[in-house]
Amino acid sequence: MGGALLQGKDSKDRLWGWKDVNKTNKKKKSEGEIKFRQDTTKKNLIMILKGTALVLIAMISGYISSYYFVNNLYKSIAKNGGTQTIILEKDPSNTNFQMNSIYTIVQNAAPSVVGIGSSEESFVKNPLDNTGNVSGFVIRSDGYIVTNYHSIEKFQQILVKLPGQGSKPFHGKLVGFDKASDIALIKIEAVSLPVAKLGKLSNSKIGDMVISIANSKGEEYIGTVTTGIISSTNKKMEVGDAKSGEKNAYAILQTDLSLNIYNNGGIICNSAGEILGINSKKIDGKFNAQGLSHSIAVEEIKKIVDSILSFGEVKRPSLGFKGGTLIPKEAGDIEGVYVQSVTQDSGAAKAGIKATDIIIELDNKKIKKLEEIYTILEKKKVGDIVSCKIWRDGKAQELSVELGEANS
């Protein structure tokens with residue numbers, strides 16, 4: 524009877540149920556007892572509340588982290604002087620986020636990249652309309668800045684804006700330029716500027732990652748950033764004197780970077796944030812190579828700047844002749860550089876080098892092609908004396924040549 528009372532239509536809603544405790548005991552008469560079920564409603568409610576609390580905590584933590592990330596992303600150490608704000612470097616105390624390698628490189632190199640324009644209005648134009656401005660980089664902390672010559676050649680005035688929101692442009696003065704390499708040196712009256720770290724193209728390898736950074740508006744880390752790889756480290760750009768026909772060459776960095784007018788005057792740096800070259804659409808236009816870009820190498824930039832600072836102009840060493848690589852007709856023929864003509868009063872002329880001579884050695888190094896002479900002269904300066912071996916009338920002759928100044 525009791526069992527019947529316990530079996531009702533509402534059994535699924537009860538907190539108790541029927542159980543035969545002697546079901547397995549055949550000797551004893553079956554007896555029943557009531558087994559109460561555990562109330563899970565309260566437990567489930569507690570679990571839901573705990574889960575909700577964890578979600579809320581995660582949301583609040585994420586909001587706080589995001590706030591500090593945005594708030595500190597562009598926080599910099601600034602040196603204030605009058606109305607000027609010079610951004611030096613990012614605050615290293617912020618560790619709330621993980622920086623990728625490209626961001627780190629840009630963060631280290633960008634403070635030295637400046638904007639250059641001809642009016643204050645040019646710095647507030649829409650970036651897509653701001654094609655008259657150009658970028659540049661600080662090469663010396665006392666106010667010397669390198670940029671493209673063709674970009675500023677017709678400026679009525681030169682204004683330089685350092686990286687920093689709202690910073691007032693400096694008036695700049697053109698110190699010197701080298702038209703052939705499209706390099707110009709500008710001076711502004713400022714001190715303790717963040718200086719770009721110069722690398723060495725000679726230490727770079729094909730396949731190394733490179734990054735182009737430009738900032739023609741002079742904003743705080745706002746500009747054009749592209750990435751690519753080095754495809755050649757030993758390319759040369761020949762330049763020559765139209766009158767004498769004498770040629771010289773510049774070392775060129777070849778990459779697959781995507782460069783355009785907005786990159787003009789910007790830097791190309793390696794994965795250590797060291798500058799390997801400067802962008803120039805004029806130089807790049809000399810090479811018709813789709814998918815490749817060309818920039819003046821950092822070694823050339825340094826020599827040009829040093830020459831301008833020392834002499835007020837670019838002095839490039841030269842032997843003083845016009846010629847080309849000799850192509851042997853048969854095995855065993857003399858290899859070297861054929862002298863087509865000699866520039867009057869040049870080092871070559873004074874040393875006794877004549878047309879039809881063949882230069883077979885220079886500076887104690889065997890010469891097989893004209894580019895090898897360029898490579899040797901790159902490491903020399905005007906006034907240096909180098910040994911030169913020529914082939915004339917079936918025999919070799921030793922000469923000494925004082926390097927003169929090239930015209931370009």
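Start counting the sequence shown at 524; every next residue gets the next number (this note's numbering). Don't be surprised by glycine CBs; every beta carbon is placed ideally from N, CA and C. This one's a predicted model, so the numbers in the text were calculated from it and none came from an experiment.
Query: Member of Leu572, Lys912 and Thr670 whose CA lies at the smallest distance from the CA of Lys805; Result: Thr670
Query: The stretch 631 to 638 in contact with the stretch 708 to 720 per 3-pair CB rule at 8 Å; Result: yes
Query: CA nearest to the CA of Glu644, picked from Gln680, Tyr861, Ala713 and Val629; Result: Gln680
Query: Beta strand (DSSP E) runs wholly inside the stretch 677 to 733, at least 3 long, in chain order; Result: 681 to 684, 693 to 701 and 706 to 711
Query: Pro851 classed as buried or exposed, judged by whether at least 16 other C-beta atoms fall within 10 angstroms; Result: exposed
Query: Ala601 to His694 span [Cα, whole Å]; Result: In this predicted model, Ala601 has a pLDDT of only 31, less than 50, meaning its place in the structure is not dependable; the value taken from the coordinates is given anyway. Cα to Cα, Ala601 sits roughly 20 Å from His694.
Query: Three-way DSSP call (helix, strand, coil) for Pro840 in this model; Result: strand
Query: Environment of Lys877 [buried if 16+ CB atoms lie within 10 Å]; Result: exposed
Query: Exposed unless 16 or more other CB atoms sit within 10 angstroms - verdict on Ser755; Result: exposed
Query: Buried or exposed by the 16-neighbour rule on C-beta atoms within 10 Å, applied to Asn787; Result: buried
Query: Cβ-based burial, Ala576 [other Cβ within 10 Å; buried from 16]; Result: exposed
Query: Buried or exposed (CB count within 10 angstroms, at least 16 for buried), Ser910; Result: exposed
Query: Euclidean distance between Cα positions of Thr848 and Leu799; Result: 29 Å
Query: Close-in-space but distant-in-sequence residues of the same chain around Ser616 (CB under 7 Å, 5 per side omitted); Result: The pLDDT assigned to Ser616 is 48, lower than 50, so where the model puts this residue is not dependable, and the model offers no usable value.
Query: Option nearest Ile675 by Cα separation, candidates Ile827, Ser803, Leu900 and Asp807; Result: Ser803
Query: Inter-stretch contact (C-beta, 8 Å, three-pair minimum) for the stretch 732 to 741 and the stretch 823 to 843; Result: no
Query: Cβ-based neighbour list, Gly891, same chain, cut-off 7 Å, excluding 5 preceding and 5 following; Result: Note that residue 891 is Lys in the sequence shown here, rather than Gly. Excluding sequence neighbours, Lys891 sits near Glu858 and Gly859.
Query: Tyr785 - containing alpha helix (DSSP H), residue span; Result: No alpha helix (DSSP H) holds Tyr785; DSSP gives it neither H nor E.
Query: Close beta carbons around Lys809, own chain, < 6 Å, minus the five adjacent residues each side; Result: none
Query: Reference Ala871, options Glu823, Val661 and Lys845, closest by Cα; Result: Lys845
Query: Supposed close pair Ala774, Leu708 - CB separation, criterion 8 Å; Result: With 8 Å as the limit, Ala774 and Leu708 do not qualify as a contact, their Cβ atoms being about 19 Å apart.
Query: Option nearest Ile706 by Cα separation, candidates Ala874, Gln920 and Ile819; Result: Ile819
Query: Three-state secondary structure (DSSP) of Gln777; Result: strand
Query: Nearest-angstrom beta carbon gap, Ile752 and Asp779 [assumed within contact, 8 Å]; Result: 6 Å
Query: Residue(s) in a DSSP beta bridge with Thr747; Result: Ala737
Query: Beta-carbon proximity list for Gln920, same chain, < 6 Å, skipping 5 on both sides; Result: Ile913
Query: Residues bridged to Gly847 (per DSSP); Result: Tyr861
Query: Cut-off 6 Å between Cβ atoms - residues of its own chain near Ala929, not counting five sequence neighbours on either side; Result: Asn771, Arg839 and Ser841
Query: Residues bridged to Gly659 (per DSSP); Result: Val637 and Thr670
Query: Rounded straight-line distance, which links the Cα of Ile639 to that of Ser599; Result: In this prediction, Ser599 scores a pLDDT of 36, lower than 50, which makes its location untrustworthy; the coordinate-derived value is nonetheless stated afterwards. Spanning the two alpha carbons is a distance of roughly 22 Å.
Query: Buried or exposed by the 16-neighbour rule on C-beta atoms within 10 Å, applied to Ile610; Result: Note on Ile610: pLDDT 30, under 50, position unreliable in the model; the coordinate value appears next. Buried, since its Cβ has 16 or more Cβ neighbours within 10 Å.
Query: Backbone secondary structure at Leu815 - three-state DSSP; Result: coil
Query: Cross-strand partners of Ser923 (DSSP beta bridge); Result: Ser910
Query: CA-to-CA distance, Glu761 to Val837, given in whole angstroms; Result: 16 Å
Query: Glu884, enclosing beta strand (DSSP E) - first and last residue; Result: Ile881 to Leu885
Query: From Lys889, Ser794 and Leu776, residue whose alpha carbon lies closest to that of Asp807; Result: Leu776
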